[in-house]
Amino acid sequence: MSIVWLSLFSGSFTDIVLYKGVAYGHGRQLRKRANVAIRLSSMVLNHHIALVVLME
Numbered sequence: 050m051s052i053v054w055l056s057l058f059s060g061s062f063t064d065i066v067l068y069k070g071v072a073y074g075h076g077r078q079l080r081k082r083a084n085v086a087i088r089l090s091s092m093v094l095n096h097h098i099a100l101v102v103l104m105e
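The letter at position 53 of the sequence shown is residue 102 when you use this note's numbering, and the numbering goes up by one with no holes.
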């Protein structure tokens, strides 16, 4: 996973937006607008755990 993050941050960005979603994922329109989508886990994570994973 760290290789994926490193490759994403090697370019230049003006904004990085992180969304946490519900158990069923984000809607099709939001996913379509995203330049990149990264999944933290193939499992459903509690929002508190997801925040800890993102901060790590």
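Glycine residues also receive a C-beta, built at the ideal position from the N, C-alpha and C atoms.
List, from N- to C-terminal side, the alpha helix (DSSP H) runs of 4 residues or more that fit wholly inside the segment 77 to 103. DSSP runs (the alpha helix (DSSP H)) wholly in the segment 77 to 103: 77 to 82.
Same chain only: Cβ atoms within 8 Å of residue 94, ignoring 5 sequence neighbours per side: 102, listed in sequence order.
Tell me which residues share the same chain as residue 65 and place their Cβ nearer than 7 Å to its Cβ, disregarding the 5 neighbours each side in the sequence. Contacts found: none.
Using a threshold of 9 Å, state whether the C-beta atoms of residue 74 and residue 82 are closer than that. Judged by beta-carbon spacing, residue 82 lies beyond the 9 Å limit of residue 74, meaning their Cβ atoms are not closer than that value.
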